[in-house]
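J.: Note that the numbering used here has the sequence shown beginning at 18, numbered continuously upward.
Each residue gets a CB set at the ideal place from its N, CA and C atoms; glycine is no exception.
This structure is a prediction, so every number in the text was calculated from the model and none was measured.
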Amino acid sequence: MATTRTSSTDSLGIGEVAERTGLSVHALRFYEREGLLVGPVHRDSGGRRRYSPGDVDWLGICVRLRESGMPLAELKRFAELVREGTGNEPERLRLLDAHRCRVEDRISALEECRSVIVRKVAVYAEHVARGTAAGLWDPTAAVDGEASSSEA
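1) With a 10 Å radius around its C-beta and 16 neighbouring C-beta atoms as the bar for buried, classify A139 as buried or exposed.
2) Between R22 and L29, what straight-line distance do the alpha-carbon atoms span, to the nearest angstrom?
3) Does DSSP put L17 in a helix, a strand or coil?
4) How far does the alpha helix (DSSP H) with V58 in it reach, from first residue to last?
5) Alpha carbons only, please: which of V135, E84 and E97 is nearest the one belonging to G123?
6) Could you tell me which uninterrupted alpha helix (DSSP H) segments, each at least 4 residues in length, are contained entirely in the segment 42 to 111, listed from first to last along the chain?
7) Please state whether DSSP places L127 in a helix, a strand or coil.
8) Distance check for G102 and E33, CA to CA, integer angstroms please.
9) Assuming V99 and L40 form a contact by the criterion Cβ under 8 Å, report the distance between their Cβ atoms to the nearest whole angstrom.
10) Which residue's Cα is closest to the Cα of L45: G63, D61, G77 and D27?
11) Look at the alpha carbon of C130 and the alpha carbon of I31, and state the distance between them as a whole number of angstroms.
12) Measuring straight from C-alpha to C-alpha, what distance separates A164 and R136?
13) I need the straight-line Cα distance from E91 to G56, nearest angstrom please.
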């Protein structure tokens with residue numbers, strides 16, 4: 018069993034790391050089991066996990082990559098590359114750049130969605146303010162299969 022290389026004042030227990038990263042204790046154990054960390058999680062003499070500041074920083078990166086939609090398999094590959102050390106930076110770059118492109122595509126799609134919502138909010142706000150909102154997009158009032166208001 019490995020013991021921590023950092024002093025007990027520098028290392029954090031699993032509960033503290035969960036609090037700092039927003040990951041559950043269960044998720045931290047999962048990350049460890051799945052090889053998503055760049056180094057081994059050290060343990061104290063009682064067998065309790067002890068995380069270094071570097072571990073916490075890495076987990077922060079993992080959280081952002083997962084929140085932005087990176088699949089676990091890609092995150093695992095990225096962690097493997099980092100663990101391997103120098104010499105594979107071009108592969109790391111390709112992996113991160115592909116993910117960046119997917120994130121940018123998602124942001125673009127969400128911006129289009131937001132534009133539709135902003136227009137709808139403006140239409141409804143105007144009609145509510147004028148007292149003419151009744152019947153906006155009322156499918157029961159459709160004539161010849163069309164809704165009662167094209168603005169809704």
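T.: Taking the definition as stated:
1) Here residue 139 corresponds to residue number 122 of the sequence shown, with the count starting at 1. The residue in question, A139, is exposed, as its Cβ has fewer than 16 Cβ neighbours within 10 Å.
2) Taking the first residue of the sequence shown as 1, we reach residue 22 at position 5. Taking the first residue of the sequence shown as 1, we reach residue 29 at position 12. At R22, the pLDDT of 48 sits below 50, so the modelled position is not reliable and the matter cannot be decided from this model.
3) There is simply no residue 17 to check, as the chain begins at 18 and stops at 169 in what is shown.
4) For the purposes of this step, residue 58 is identified with residue 41 of the sequence shown, where counting begins at 1. From DSSP, V58 is part of no alpha helix (DSSP H); its letter is neither H nor E.
5) As a working mapping, residue 123 is identified with position 106 in the sequence shown. Reading the sequence as shown, one finds Arg at residue 123 and not Gly. Cα-wise, what sits closest to R123 is E84.
6) 42 to 50, 70 to 84 and 89 to 101
7) Mapped onto the sequence shown, residue 127 falls at position 110. It is helical.
8) Mapped onto the sequence shown, residue 33 falls at position 16. Mapped onto the sequence shown, residue 102 falls at position 85. Looking at the two C-alpha atoms, the distance is approximately 28 Å.
9) Translated into the one-based positions of the sequence shown, residue 99 becomes position 82. Translated into the one-based positions of the sequence shown, residue 40 becomes position 23. Not really, about 18 Å apart at Cβ, beyond 8 Å.
10) Residue 45 sits at position 28 when you count from the first residue of the sequence shown. It is G77.
11) Along the sequence shown, read from residue 1 onward, the residue named residue 130 stands at position 113. Along the sequence shown, read from residue 1 onward, the residue named residue 31 stands at position 14. Near 39 Å, if we compare the C-alpha coordinates of I31 and C130.
12) In the sequence shown, the residue the question calls residue 164 occupies position 147. In the sequence shown, the residue the question calls residue 136 occupies position 119. Residue confidence for A164 is low, a pLDDT of 48 falling below 50, so the modelled location carries little weight; the figure read from the coordinates is stated next. When rounded, the distance between both Cα atoms is 18 Å.
13) Here the question's residue 91 lines up with position 74 in the sequence shown. Here the question's residue 56 lines up with position 39 in the sequence shown. Cα-Cα distance, rounded: 17 Å.
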